[in-house]
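I have placed the structure first, in the form of structure tokens, so that the comments after it can refer back to it.
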Amino acid sequence: MPEGLETSLSKSAGHNHHHHGDDCGCGHTHALPLDRSALVSARSLWLTRSGRDVIAGVDLDVRPGEIVTLIGPNGAGKTTLVKLMLGIEWPDRGQLWRPDTTRIGYVPQRFDVDRAIPMTVARFLSLGHDATSSEIAATLAEVGAERTIHQQLSQLSGGETQRVLIARALLRKPNLLVLDEPARGVDYVGEADLYDLIGRLRDSRRLGVLLISHDLHVVMAKSDRVICINGHVCCSGKPETVAQHAEYARLFGPHAAQALGVYLHHHDHSHDITGVPHPVNAAAPDQRSP
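The numbering of the sequence shown is my numbering, which starts it at 106 and goes up by one.
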């Protein structure tokens with residue numbers, strides 16, 4: 106057996122509701138075994154608080170080189186699920202596998218800077234790391250924030266702060282990057298640029314990426330797999346498949362799927378809602394003149 110953290114807790118009778126894989130339905134299925142080739146793998150996780158199931162029978166895998174995005178309404182349990190996956194919190198029941206080779210870089214949802222304490226970006230990134238000044242400079246350049254190195258942390262824009270936080274996570278030399286609402290406080294253009302950066306980091310470092318986001322059409326378009334959470338897994342799969350699911354429409358409104366229906370991919374083509382590629386500026390088949 107590979108070395109790593111494995112949690113296996115008993116499941117109470119009456120809780121046998123599982124969701125897994127790329128199933129986009131909400132029916133009852135049998136849980137798959139843990140994926141020991143994944144960076145982190147969970148099966149049938151349950152967490153109850155004040156008599157309410159916050160996490161209810163969730164299965165989740167993140168593999169090297171893939172971007173997995175958790176979406177769902179506020180209070181759906183997305184951040185709680187990530188804390189369970191990271192070992193910050195403990196599930197009541199279920200199985201969790203995280204091998205010793207998994208190194209996690211975490212970008213939290215909130216980061217409040219004490220403006221009364223002067224601190225440059227370079228100083229901030231040196232805290233808690235053995236990184237050299239050249240490694241810090243190179244990592245800032247990698248995330249497009251090299252100009253911030255001597256700036257005060259408190260003076261950065263929202264987008265600059267997020268890039269610095271990503272740089273801090275990368276200095277841990279992770280193979281799993283976890284980001285909770287990374288575009289928070291970033292304008293629309295900066296948001297798209299930020300998700301482009303995350304995609305490039307995935308490619309260049311072959312990272313597994315686990316995202317939490319409310320930025321539905323932008324982040325979903327950048328994801329390999331989307332998991333819609335509302336306590337349990339409502340639906341999961343490729344972005345265009347999830348966008349067509351009835352539960353997705355119920356949670357986010359009937360126009361959410363249309364927003365994702367056609368999106369630019371790389372710079373030379375787009376996908377219609379079925380996933381079929383078309384040249385940029387060409388209409389999808391059902392939009393063309395007869």
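Positions of the beta carbon are idealized from the N, C-alpha and C atoms, including for glycine.
Exercise for the section: Would you check if the stretch 306-320 and the stretch 161-175 touch, i.e. whether three or more CB-CB distances between them fall below 8 Å? Expected result: yes
Exercise for the section: Sort Asp217, Leu150 and Ile176 by Cα distance to Ser328 and report the nearest one. Expected result: Mapped onto the sequence shown, residue 328 falls at position 223. That would be Ile176, whose Cα lies nearest to the Cα of Ser328.
Practice task
May I ask you to list the residues that DSSP assigns as paired with Arg198?
Solution key: Translated into the one-based positions of the sequence shown, residue 198 becomes position 93. Trp151.
Practice task
Could you check the C-alpha separation between Gly336 and Thr153 for me, to the nearest Å?
Solution key: Taking the sequence shown and counting its residues from 1, the one referred to as residue 336 is at position 231. Taking the sequence shown and counting its residues from 1, the one referred to as residue 153 is at position 48. Roughly 10 Å between the two C-alpha positions.
Exercise for the section: From the DSSP output, in three-state form, read off Ile332 for me. Expected result: Stepping through the sequence shown from its first residue, residue 332 is reached at position 227. Residue state, collapsed to three classes: strand.
Exercise for the section: Could you round the C-beta distance between Leu275 and Thr244 to whole angstroms and report it? I think they count as a contact, below 8 Å. Expected result: By one-based count along the sequence shown, residue 275 stands at place 170. By one-based count along the sequence shown, residue 244 stands at place 139. With a Cβ gap of about 5 Å, Leu275 and Thr244 count as contacting.
Practice task
With DSSP collapsed to three states, give me the class of Gly313.
Solution key: Taking the sequence shown and counting its residues from 1, the one referred to as residue 313 is at position 208. Strand, per DSSP.
Exercise for the section: Would you kindly work out how many angstroms separate the C-alpha atoms of Lys188 and Tyr211, rounded to a whole number? Expected result: Translated into the one-based positions of the sequence shown, residue 188 becomes position 83. Translated into the one-based positions of the sequence shown, residue 211 becomes position 106. Cα to Cα, the separation comes out at about 10 Å.
Handout entry: Proximity to Leu233 [Cα-Cα], best of Arg273, Gln257, Leu261 and Glu240
Key = For the purposes of this step, residue 233 is taken as the residue at position 128 of the sequence shown. According to the sequence shown, residue 233 is Gly rather than Leu. When each option's Cα is compared against that of Gly233, the closest is Arg273.
Handout entry: Spatially closest choice to Thr346 from Leu282, Arg220, Met325 and Asp301, by CA coordinates
Key = The count along the sequence shown starts at 1 and reaches residue 346 at position 241. The shortest Cα separation from Thr346 among Leu282, Arg220, Met325 and Asp301 belongs to Met325.
Practice task
Along the beta strand (DSSP E) that carries Gly162, what are the first and last residues, could you check?
Solution key: Numbered from 1 along the sequence shown, position 57 holds the residue referred to as residue 162. Element bounds for Gly162: Arg157 to Val167.
Problem - Gly313 beta carbon less than 8 Å from that of Arg330 - result: Translated into the one-based positions of the sequence shown, residue 330 becomes position 225. Translated into the one-based positions of the sequence shown, residue 313 becomes position 208. For Arg330 and Gly313, no; Cβs fall outside 8 Å.
Problem - Cutoff 7 Å; reference Ala242; Cβ partners in own chain excluding five residues on either side - result: Within the sequence shown, the letter at position 137 stands for residue 242. Counting only Cβ-Cβ distances below 7 Å, and skipping sequence neighbours, we find Glu251 and Ile254.
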